[in-house]
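J.:
Protein chains: 2
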Amino acid sequence: MNENVSMAVVRRLPRYYRYLEELLRSGVNRISSGALSARMGLTASQIRQDLNCFGGFGQQGYGYNVEHLKSEIGRILGADDKKSAIMVGLGYMGHSIVSHIKFDKRGVTIKAIFDIRDEVVGSMVNGIRVYHTDELERICEEIKPEIGILTVPKTEAEKVSERLIRNGVKAFWNFANMDLQMKFPGVYFENVHLGDSLMTLRYRLNDRDKA
Amino acid sequence: MNENVSMAVVRRLPRYYRYLEELLRSGVNRISSGALSARMGLTASQIRQDLNCFGGFGQQGYGYNVEHLKSEIGRILGADDKKSAIMVGLGYMGHSIVSHIKFDKRGVTIKAIFDIRDEVVGSMVNGIRVYHTDELERICEEIKPEIGILTVPKTEAEKVSERLIRNGVKAFWNFANMDLQMKFPGVYFENVHLGDSLMTLRYRLNDRDKA
DNA sequence: TAGATTGTTAATCGATTAACAATC
DNA sequence: TAGATTGTTAATCGATTAACAATC
Chain A
82 MNENVSMAVV
92 RRLPRYYRYL
102 EELLRSGVNR
112 ISSGALSARM
122 GLTASQIRQD
132 LNCFGGFGQQ
142 GYGYNVEHLK
152 SEIGRILGAD
162 DKKSAIMVGL
172 GYMGHSIVSH
182 IKFDKRGVTI
192 KAIFDIRDEV
202 VGSMVNGIRV
212 YHTDELERIC
222 EEIKPEIGIL
232 TVPKTEAEKV
242 SERLIRNGVK
252 AFWNFANMDL
262 QMKFPGVYFE
272 NVHLGDSLMT
282 LRYRLNDRDK
292 A
Chain B
82 MNENVSMAVV
92 RRLPRYYRYL
102 EELLRSGVNR
112 ISSGALSARM
122 GLTASQIRQD
132 LNCFGGFGQQ
142 GYGYNVEHLK
152 SEIGRILGAD
162 DKKSAIMVGL
172 GYMGHSIVSH
182 IKFDKRGVTI
192 KAIFDIRDEV
202 VGSMVNGIRV
212 YHTDELERIC
222 EEIKPEIGIL
232 TVPKTEAEKV
242 SERLIRNGVK
252 AFWNFANMDL
262 QMKFPGVYFE
272 NVHLGDSLMT
282 LRYRLNDRDK
292 A
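Residue numbers (our numbering), protein chains in the order written: chain A, 82 to 292; chain B, 82 to 292.
#1: Enumerate in chain order the residues of its own chain whose CB-to-CB distance from Arg92 of chain B is below 8 Å, with the five nearest sequence positions on each side excluded.
#2: Here's the rule: buried if 16 or more other CB atoms are within 10 angstroms of the residue's CB, otherwise exposed. What is Ala89 of chain B?
#3: As a quick exercise: from B:Ile197, B:His176, B:Glu200 and B:Asp199, pick the residue whose alpha carbon is nearest that of Ile191 of chain B.
#4: Is it buried or exposed, Glu223 of chain B, if we count other Cβ atoms within 10 angstroms and call 16 or more buried?
#5: Where does Gln140 of chain B sit, in a helix, a strand or coil, going by DSSP?
#6: Would you say Lys158 of chain A and Pro95 of chain A are within 8 Å of each other, going by their C-beta atoms?
#7: Is it true that the CB of Glu227 of chain B sits closer than 8 Å to the CB of Ser165 of chain B?
#8: Count the other CB atoms within 10 Å of the CB of Arg99 of chain B; is the residue buried (16 or more) or exposed (fewer)?
#9: Which word fits Gly203 of chain B, buried or exposed, when buried means at least 16 other C-beta atoms lie within 10 angstroms of its C-beta?
#10: Starting from Val189 of chain A, trace the beta strand (DSSP E) both ways and give me its first and last residue.
#11: In this structure, does DSSP put Lys164 of chain A in helix, strand or coil?
#12: Beta-carbon within less than 6 Å of Ile178 of chain B's beta-carbon, same chain only, minus the 5 sequence neighbours each way: which residues are those?
#13: Does Asn287 of chain A have its Cβ less than 8 Å from a Cβ in chain B?
#14: Met280 of chain A CB to nearest chain B CB: under 8 Å?
#15: Might you give, ordered along the chain, the residues of its own chain that have their beta carbon closer than 8 Å to the beta carbon of Met174 of chain A, omitting 5 neighbours on each side?
#16: What is the rounded straight-line gap between the Cα of Arg187 of chain A and the Cα of Asp162 of chain A?
#17: Name the chain A residues whose beta carbon is nearer than 9 Å to that of Ala252 of chain B?
#18: Between the alpha carbons of Lys291 of chain A and Arg285 of chain A, how many angstroms are there, rounded?
#19: Consult DSSP for Ile182 of chain B and reduce its assignment to one of helix, strand or coil.
#20: Counting pairs of beta carbons, one from the stretch 243 to 257 of chain B and one from the stretch 109 to 125 of chain A, are three or more of them closer than 8 Å?
#21: Quick check on the DSSP output: what are the complete beta strand (DSSP E) runs of length 3 or more inside the stretch 85 to 150 of chain A, in order along the chain?
#22: What are the uninterrupted segments assigned as alpha helix (DSSP H) that are 4 or more residues long and contained completely in the stretch 195 to 241 of chain B, given in chain order?
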């Protein structure tokens with residue numbers, strides 16, 4: 082057990098969750114930290130340390146029950162306790178996220194989408210209504226979203242996030258190529274900086290790196 | 082100067098690059114590690130350590146020339162030396178990536194897109210031709226891509242990456258919700274696990290976390 | 001019971017921060 | 001020159017790994 086769980090540990094939890102799902106699907110009922118570590122490319126020690134931040138889920142001499150461990154990690158992550166989200170910006174990225182990601186499985190429900198283009202305002206995407214961004218305040222009043230999904234152009238990101246924060250949003254999934262954390266210290270930003278990711282990949286192909 | 086630069090440092094480089102671009106755009110010609118650290122929410126020490134992995138780009142008593150530092154980091158990342166990429170899978174995600182990301186600015190050029198759906202095969206997306214996946218080998222022969230962009234469903238990811246590796250691909254930008262690193266040890270995978278990212282965000286909204 | 005494997009403490013490793021002499 | 005700020009070494013902090021007693 083551990084009071085303040087580090088970000089490094091938290092970021093590994095969804096990965097454990099995926100592997101446990103996979104194991105369950107292939108009919109494996111029990112697994113040891115050693116066997117799981119071999120599959121995942123970690124040390125058995127690290128897995129045991131990580132899990133013991135949240136409690137003792139295993140049994141000496143036996144290992145871990147896959148189904149039980151999966152459900153415990155799901156509970157820790159909040160997969161079954163849905164939080165409301167709204168998305169702002171229904172461009173390519175917004176559209177792709179909303180149709181591609183299994184929000185339900187991950188404890189998040191998108192309640193509304195906002196955009197400024199008349200072609201999309203009033204339509205439905207994946208069963209979710211698209212409103213004009215002018216209606217943001219009115220709809221937030223009703224929905225009380227805790228999560229904002231920022232799929233707007235960089236130029237709009239700061240303005241939009243400020244409006245959302247004023248309306249009670251506490252955490253952002255930020256796809257805009259911009260850091261907002263410094264501007265809004267009390268709020269959590271989970272950044273998906275695809276440009277940064279691509280540049281990191283590009284770096285690995287440098288010759289210097291191989292030498 | 083440093084022989085083996087750690088991943089932690091490399092992942093900060095694109096972020097420095099973004100901030101330097103921003104500074105340059107707003108007409109700032111010179112910056113000290115202290116001033117930059119305040120903007121970025123890092124320590125000045127860390128910035129100096131990071132940069133000195135690659136060389137001494139500053140000047141005592143002055144700081145760093147923004148334009149020079151930006152171009153040096155660009156060079157380190159390989160932004161000006163284009164590497165060939167191909168994309169496999171033109172679903173929502175593929176489409177969004179290809180139209181949204183500034184590959185050119187980041188040292189990567191997409192040379193071809195592959196999909197299996199007749200509706201899209203033969204079309205052009207952002208000036209890039211879409212081929213049937215059956216033609217993968219033939220086109221790879223011609224293009225010799227170093228980077229593979231995996232925007233296929235999870236079920237196809239392993240099969241596709243194996244084919245690409247056989248055809249010379251050395252690094253993947255992987256959007257499939259699956260880890261392939263263990264299966265292909267010599268190859269680099271830059272994973273964009275959006276599901277994991279969303280779950281990490283969801284975790285932060287748990288009450289326990291706030292207490 | 002004996003073997004296996006956990007939970008947990010201690011040791012190690014690596015990354016971040018602090019300090020300061022060098023120097024522009 | 002004096003003040004500012006780097007590059008770099010040393011100190012600290014945190015995360016990972018190793019070890020092992022507890023125990024199923």
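All residues carry an ideal CB built from backbone N, CA and C; glycine is no exception. Treat the numbers as computed from the prediction; the structure is a model and nothing was measured.
T.: With the given structure in hand:
#1: none
#2: exposed
#3: B:His176
#4: exposed
#5: strand
#6: The question names Lys, but residue 158 of chain A is Leu in the sequence shown. Result yes, Cβ atoms of Leu158 of chain A and Pro95 of chain A sit closer than 8 Å.
#7: yes
#8: buried
#9: exposed
#10: Val189 to Asp196
#11: strand
#12: none
#13: yes
#14: yes
#15: Thr232 and Phe256
#16: 9 Å
#17: Leu282, Arg283, Arg285 and Leu286
#18: Since pLDDT at Lys291 of chain A reaches only 45, below the 50 mark, its modelled position is unreliable, and no value is offered.
#19: coil
#20: no
#21: 144 to 146
#22: 217 to 224
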